[in-house]
Amino acid sequence: MKKLLLFIAVMLFTLTSVQSQEFRMGAKAGLNVASLGGDSYYGGLGSLGSRTSFHIGGLVEIPLMGKFSIQPELLYSSEGLDWSFGTLGEDTKLDFVRVPVMVKFYVIEGLSAEAGPVFGVLVNAEGTYYDNNGDLVNGDAKDYYRSFDAQFGIGASYRLNMGVFFSLRYNKGLLNVNEEYRVLGTTYNSGKNQSNVFQVSAGYSF
C-alpha cells in the first residue's frame, strides 16, 4: 500500500510539472457490473452473481508520440459480487481506490482504444463470512481480503469536441483477492478469486 501511495504522489507531482496546454484534465463517473471470478467461494457453496455499483474519480491525459497518449486515473470503485445459498443472500462489497494507467490509441478523431494496468488498494469490505466461532454472519469482512489488487483493463472511449466523453472498459483481475481466515482456531484458504468489473462511464475533460 505504501508503494502505491508513493506512486500516486510521484504521479501527481509529475503531472503538476507539465504545462496545462500539453494535457487534458477531467472527471468521470459511471456504472460498475462487478463479479469475482476464480475457482472457489465460501467452500463452493451457493451461486455467484454480478453486483451493480459505481465508480467516480479524476483523470489526466498526456499526449505521447503520434496518435498515442497515456491516461492515469484516480478512482473510487465499488466492486464485489452477489452471493446466494438457499434463503441466504448477501452482496459482497469490495471498495477500492483504483489507479488505472491506460495507454490510448486514437483510431479516428475523438475515438480511442485503451489498455493498461489497474492497481488498487482495498479500503472497505462487507459481506457474509464465517467468524471465529464458526457462525455465518454479515458485516465488516476486510480481514478476509487482501489489501492490494491488480487488474488489466481494456476498452474504448469517444470524446466530443465540447469535452464530454463516454467510455466502456473491462478490468480483468490478475491477483487473488482472498486472504486466509481462521475458524475455531483452524486456518483456512478459501481458494483463488479475482475481482472483475465491466464499467460504463461518462465524463468531461478540458
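All the letters of the sequence shown, read from the start, carry residue numbers -20 to -1, 1 to 186 under mature numbering (1 follows the signal peptide of the UniProt record, and there is no 0).
Ideal Cβ placement from N, Cα and C applies to all residues, glycine included.
CA nearest to the CA of residue i, picked from the options
i    : options            : result
V157 : D62, A105, V79     : A105
N151 : F178, E159, D129   : F178
I36  : V13, A136, A7      : A7
P80  : V101, P52, S57     : P52
G107 : D71, P43, G38, V87 : D71
P97  : V180, L140, N176   : N176
I50  : G18, V87, S30, A95 : A95
Status (buried if at least 16 other CB within 10 Å, exposed otherwise) for residue i
i    : result
N173 : buried
L55  : buried
A182 : exposed
T32  : exposed
M82  : buried
L154 : exposed
G100 : buried
V117 : exposed
R126 : exposed
V40  : buried
Straight-line gap, residue i to residue j (C-alpha atoms, nearest Å)
i    : j    : result
W63  : N113 : 21 Å
S147 : F128 : 25 Å
Q1   : E159 : At Q1, the pLDDT of 46 sits below 50, so the modelled position is not reliable and the matter cannot be decided from this model.
F85  : F132 : 16 Å
V13  : L74  : 12 Å
V77  : D115 : 30 Å
Y109 : G135 : 34 Å
L11  : S58  : 10 Å
Y184 : G60  : 27 Å
A9   : M142 : 18 Å
M45  : V180 : 28 Å
I42  : F48  : 9 Å
G38  : R4   : 11 Å
A130 : L16  : 13 Å
Determine, using beta-carbon pairs with one atom in the segment 88 to 99 and one in the segment 117 to 125, whether at least three such pairs fall under 8 Å.
-> Counting C-beta pairs closer than 8 Å gives fewer than three between the segment 88 to 99 and the segment 117 to 125, which falls short of the contact rule.
Which residue spans inside the segment 51 to 91 form an unbroken beta strand (DSSP E) run of at least 3?
-> Counting whole runs of 3 or more residues, the segment 51 to 91 contains the beta strand (DSSP E) stretches 68 to 88.
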